[in-house]
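K.L.:
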Amino acid sequence: MQAYVVWWILAAVLVGVELTSGTFYLLVYGAAAAVAGIAAWLGAGLVVQLLTAAVIAVAGTLALRHWKRSTAHPESTVQDMDIGQPVILDTWQDGRGQVKYRGALWDAEAESASVDSARPLIIRAVKGNTLVLGN
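Going from the sequence shown to my numbering is simple: count from 1 and add 54.
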């Protein structure tokens, strides 16, 4: 079997497996294998094929890592939607308690000692599963 056929089969397998994972890393490696297959089809030696695949795989991995770090994280966006929303006080004592928000009971803590639980409470921040409240 010709070397380019092996590279293209490897590329097809990697892209196929990528369809089940959704991480894009295997897509990069599949593209690297496909380009190495093109190099083999053009008559390049094994060393050139391996270097081509390695350079494209490393460059693609670095580009993908940079892209993933620069995109917004949806979990922080969802939490940001909660900030500024009013809550209904359920229990409160010494700056901690439970509040009703979005149909569920949440643990809550005061933003500072000056928070007055007799006045309407508003979400100022979210720390894990705890709402930080202020007036």
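Just so you know, even glycine gets a beta-carbon here, dropped at the ideal spot from N, CA and C.
#1: Between which two residues does the alpha helix (DSSP H) harbouring A57 extend?
#2: Which same chain residues end up closer than 6 Å to W160 when comparing Cβ atoms and leaving out the 5 residues on each side of it in sequence?
#3: Assign V141 to buried or exposed, taking buried as 16 or more other Cβ atoms, counted over all protein chains shown, within 10 Å of its Cβ.
#4: Within 10 angstroms of its Cβ, does G138 collect 16 or more other Cβ (buried), or is it exposed?
#5: Judging by CA-CA distance, which residue of G151, R173, A167, S166 is the nearest neighbour of N183?
#6: Using the Cα positions of V169 and I177, report the straight-line distance between them to the nearest angstrom.
P.N.:
Concretely, from the data shown:
#1: The residue given as residue 57 occupies position 3 in the sequence shown. 57–75 is the extent of the alpha helix (DSSP H) around A57.
#2: Counting from 1 along the sequence shown, the entry for residue 160 is found at position 106. The residues are V153, L185.
#3: Working through the sequence shown from its first residue, we reach residue 141 at position 87. So V141 ends up on the buried side.
#4: As a position in the sequence shown, residue 138 is number 84, starting the count at 1. G138 comes out exposed.
#5: Along the sequence shown, one-based indexing puts residue 183 at 129. Checked all of G151, R173, A167, S166; the closest Cα to N183 is G151.
#6: The residue labelled residue 169 in the question sits at position 115 within the sequence shown. The residue labelled residue 177 in the question sits at position 123 within the sequence shown. Cα-Cα distance, rounded: 12 Å.
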